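Asks:
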Amino acid sequence: MAEVYRTQGLLVQAVMAYRQSLQLASQQGLFSGKLSSLLRLALLALGPCMANVPGSEWKDLVLEATTEALKLGPCPVAQLLQALLQFSLKMGARETRRLLERIVYPSGPGYPETVASVARWYLLRHLHAKDDLELMDTLLDQARAVKDKRLLEFHGRLCP
1 MAEVYRTQGL
11 LVQAVMAYRQ
21 SLQLASQQGL
31 FSGKLSSLLR
41 LALLALGPCM
51 ANVPGSEWKD
61 LVLEATTEAL
71 KLGPCPVAQL
81 LQALLQFSLK
91 MGARETRRLL
101 ERIVYPSGPG
111 YPETVASVAR
121 WYLLRHLHAK
131 DDLELMDTLL
141 DQARAVKDKR
151 LLEFHGRLCP
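This is how it looks when you write it as structure tokens:
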């Protein structure tokens, strides 16, 4: 039901539907249902943040949902959503780079490639805006190593 509301632009109703599914999953002890509801809720709330909708309700909802998801255990998607929220709020901030780098250059086991690829794309945008050529070169070397052709093409468009 939440997706129907979302596609019709009824975001508040979609939030309520996701909260109901989260409550039901919690009552039934369904880990995957809880995690799925939290991540969908965070992703839904991230949209208005990326579109610079005024107010803090959407930002707070992203943080609440991702924090709860991370309490359930390691969750690369929740970390990515937090990094994207930071990117949408302060693209040029050091914290933005730090959050994205934590995903792109993990110290422990790697992240799923899709998550890492999205993080690389936003990190490249951040580094390009900061005109940080040295870190861009490091990122591009890493992209070549993992054969991320999309990032290399994107870089070619940013820096013809």
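Residue 106 in the UniProt record's numbering sits at position 106 of the sequence shown; the count goes up by one each step and never skips.
From the three backbone atoms N, C-alpha and C, an ideal C-beta is built for every residue, glycine too.
The structure presented is a predicted model; accordingly, all values stated were derived computationally and were not measured.
#1: If you run the structure through DSSP and keep just helix, strand and coil, what is L91?
#2: Since T66 contacts A51 with CB under 8 Å, what's their CB separation in whole angstroms?
#3: Report all residues from its chain with a CB closer than 8 Å to the CB of E101; omit the five preceding and five following residues, and keep chain order.
#4: Please report how far the alpha carbon of V15 lies from the alpha carbon of T114, in whole angstroms.
#5: Between V146, Q142, A69, M136, which has its C-alpha nearest L158's C-alpha?
#6: Between L85 and R120, is the Cβ-Cβ spacing less than 8 Å?
#7: Which residue wins for smallest C-alpha separation from G110, given the options W58, V146, E57?
#8: Output needed for Q27: all residues of its chain with C-beta closer than 7 Å, excluding positions within five of it in sequence on either side, in chain order.
#9: Just how far apart, CA to CA, sit L22 and E95?
#10: In the DSSP assignment, find the unbroken alpha helix (DSSP H) run with Y5 in it and report its ends.
#11: Whole-angstrom Cβ separation of L89 and F31, contact assumed at under 8 Å?
#12: Do you know how far the Cα of R98 is from the Cα of L139?
#13: Find the nearest neighbour of Y105 within the set Q142, L133, R125, A25, judged by alpha-carbon distance.
Replies: On the basis of the data shown:
#1: In the sequence as displayed, the identity of residue 91 is Met instead of Leu. DSSP places M91 in coil when its eight states are reduced to three.
#2: With a Cβ gap of about 18 Å, T66 and A51 do not count as contacting.
#3: L123
#4: 25 Å
#5: M136
#6: no
#7: V146
#8: none
#9: 30 Å
#10: 2 to 7
#11: With a Cβ gap of about 30 Å, L89 and F31 do not count as contacting.
#12: 13 Å
#13: Q142
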